[in-house]
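Asks:
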Amino acid sequence: MNFSILVCDDSTVARKQVIRCLQQCIDADIQQATNGAQAIELLKTNRFDLLCLDLTMPEVDGVGVLEYIKANKVECFVLVISADIQEKMKLRVAKLGAIDFINKPIDKTRMNGILHKFGIH
347 MNFSILVCDD STVARKQVIR CLQQCIDADI QQATNGAQAI ELLKTNRFDL
397 LCLDLTMPEV DGVGVLEYIK ANKVECFVLV ISADIQEKMK LRVAKLGAID
447 FINKPIDKTR MNGILHKFGI H
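First residue of the sequence shown: 347, per the numbering used here; consecutive thereafter.
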């Protein structure tokens, strides 16, 4: 069984960068969502082991997706990837269940470290 990952970011460039980094770190089936609403729809019909989630997106933002995951008890590691994470926001998303944070642009070494830390490899 392959590891399943959902990458959610409204930026095509950012999604491609995250996917390229993930492919260098882990063998996985990777799907994409262009905003939080699309991610929620995919979470309703698919099981993902990991969600790489941007915070600032149209329709439903990353916090909204985390609130959905928590409210519906979706079992999935969530890694927040954002260009600007204030300390207050880090605390908020951690309380909602995010396992860690990676600043954009994404760093392969940091990604690999987080994946191994949580036994995702």
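Cβ coordinates follow ideal geometry from the N, Cα and C atoms, glycine included.
Quick one: residues in its chain with C-beta nearer than 8 Å to the C-beta of Phe349, no 5 flanking neighbours on either side, listed in chain order?
Replies: In the sequence shown, the residue the question calls residue 349 occupies position 3. The residues are Ile372, Asp373, Ala374, Asp375, Asp395, Leu396, Ile466.
Asks: Under the rule that 16 or more other beta-carbon atoms within 10 Å means buried, what is Asp355, buried or exposed?
Replies: Translated into the one-based positions of the sequence shown, residue 355 becomes position 9. Counting Cβ neighbours within 10 Å, Asp355 comes out buried, since at least 16 surround it.
Asks: How many angstroms separate the CA atom of Gly408 from the CA atom of Gln370?
Replies: By one-based count along the sequence shown, residue 408 stands at place 62. By one-based count along the sequence shown, residue 370 stands at place 24. Each residue's alpha carbon lies about 25 Å from the other.
Asks: Look up Ala417 in the DSSP assignment and say whether it is helix, strand or coil.
Replies: Within the sequence shown, residue 417 is the residue found at index 71, counting from 1. In this structure, Ala417 counts as helix in the three-state DSSP scheme.
Asks: What runs of the beta strand (DSSP E), each 3 residues or longer, lie entirely inside the stretch 355 to 397?
Replies: Listed in chain order, they are 374 to 379.
Asks: Relative to the C-alpha of Arg393, which residue among Ile415, Met403, Val406 is closest?
Replies: In the sequence shown, the residue the question calls residue 393 occupies position 47. If we check each option's Cα against that of Arg393, Ile415 comes out closest.
Asks: Pick helix, strand or coil for Val353, following the three-state DSSP scheme.
Replies: Start at 1 with the first residue of the sequence shown, and residue 353 comes out as number 7. Looking at Val353 - three-state DSSP - the assignment turns out to be strand.
Asks: What do you get for Asp430, buried or exposed, if any count of 16 or more other CB atoms within 10 angstroms of its CB means buried?
Replies: Taking the first residue of the sequence shown as 1, we reach residue 430 at position 84. Exposed, by the Cβ-count rule.
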